[in-house]
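Counting with our numbering, you get residues 40 to 262 for the letters of the sequence shown.
Just so it is clear, CB atoms sit at the ideal spot from N, CA and C, and this is done for glycine as well.
These numbers come from a predicted model, not from an experiment.
Working notes, beginning with the structure itself.
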Amino acid sequence: MMRFATTIFTAISAAVILAGCGASGDNQGTEYAPNMYHSVAYEPYTQIVDKEAGSWLTSIEYPDEHAEFFNTNQFNPNHMNMRLPAPNTVSRNKNGWLPYRLGKDSLAYAARTLKNPLDSTAAMIASGKLLYDMYCDHCHGAKGTGDGKVASGVTIEDPEKGKIEKGAYNGVANLTGDALKNISEGHIFHVITHGKGLMWPHGSQISVEDRWKISMYVKTLQK
Ligand code: HEC
């Protein structure tokens, strides 16, 4: 009797589990914890246009009367969530700054013509220092003399070989040396953006306005 009950139970469980495997096309099959699969936010690639979808789960009274899984953009053409920008426009960053358009090979032009658009105030320089300490100090050093930890490397104690130098990044420029101390803020800005020689670009990590703040601060180190 016991064995018979076990067999029945196994058969029913298998049937229930297999019924969940019927996914195809628009039918996602039976889902465990379905609200983990269905985004409440608009998604670029999934459009659940059926207003009744997920109604069995709906616990909230929606003002626009749709059920749990409906997540279609009702305002854009073809229910698209992403739209092309207006023609002939350039997008600005969240603080309203236009992107920097001069290419890497225009260093001399940038150095000669660009002016720092930010007012030189104590607060701006302090902000530049904060950013410099985050993005430049480890190579160029706190005073800009090219002796950051990454440049000088660290000496570690190896049990077999004794003291060894590790992680030195060669050729980090001394920003306060004669060769560089008279470079313009535009020059510094351009180098931060595109990198130069052995230095990698930072344009994708640091916003336009922050790069100008750093350039301003580097000038104070060079005085
Ligand atoms: C991974 C290490 C590293 C980091 C981080 C780094 N630099 Fe450099 N930087 C270098 C090296 C190496 C050079 C020398 C490049 C060359 O001439 O090949 C250099 C050169 C420069 C120069 C001189 C460019 C010239 O015209 O010769 C400036 C200015 C400069 N860096 C500014 C900065 C600023 C500002 C930051 C922070 C946003 C920064 N660097 C972050 C490694 C670094």
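Who pairs with residue i in a beta bridge, going by DSSP?
i	result
SER63	ASN66
GLU196	LYS202
MET173	DSSP, once it has assigned bridges, lists no residue as partnering MET173.
MET238	LYS235
Does DSSP classify residue i as helix, strand or coil?
i	result
MET75	helix
LYS168	helix
PHE43	helix
PHE228	helix
TYR208	coil
LYS252	helix
GLN113	coil
MET21	The displayed coordinates of the chain run from 40 to 262. Any statement about residue 21 would go beyond what the structure contains.
TYR84	coil
THR49	helix
GLN261	helix
THR152	helix
HIS105	coil
LYS182	coil
VAL247	helix
HIS129	The sequence shown places Val at residue 129, rather than the His named in the question. Of the three classes helix, strand and coil, the one that applies to VAL129 here is coil, per DSSP.
LEU214	coil
ASP144	helix
ALA162	helix
Whole-angstrom Cβ separation of residue i and residue j, contact assumed at under 8 angstroms?
i	j	result
GLY206	GLY192	5 angstroms
ILE87	CYS175	Actually they are not in contact, since the Cβ atoms of ILE87 and CYS175 sit about 48 angstroms apart, beyond 8 angstroms.
ALA190	GLY180	7 angstroms
GLU204	MET255	Not confirmed; about 34 angstroms, so no contact.
HIS177	LYS188	6 angstroms
ASN127	GLU82	Contact flag wrong, Cβ pair sits at about 29 angstroms.
Using a beta-carbon distance below 7 angstroms, is residue i in contact with chain D?
i	result
THR45	The structure shown contains no chain D, having only a single protein chain.
Quick check: the stretch 145-154 against the stretch 221-231, are at least 3 beta-carbon pairs closer than 8 angstroms?
They touch, by the three-pair rule.
Does the structure place the stretch 130-147 close enough to the stretch 209-218 that three or more beta carbon pairs sit under 8 angstroms?
No, the stretch 209-218 is not in contact with the stretch 130-147.
Examine the Cβ distances between the stretch 71-88 and the stretch 104-113 and report whether three or more of them are shorter than 8 angstroms.
yes
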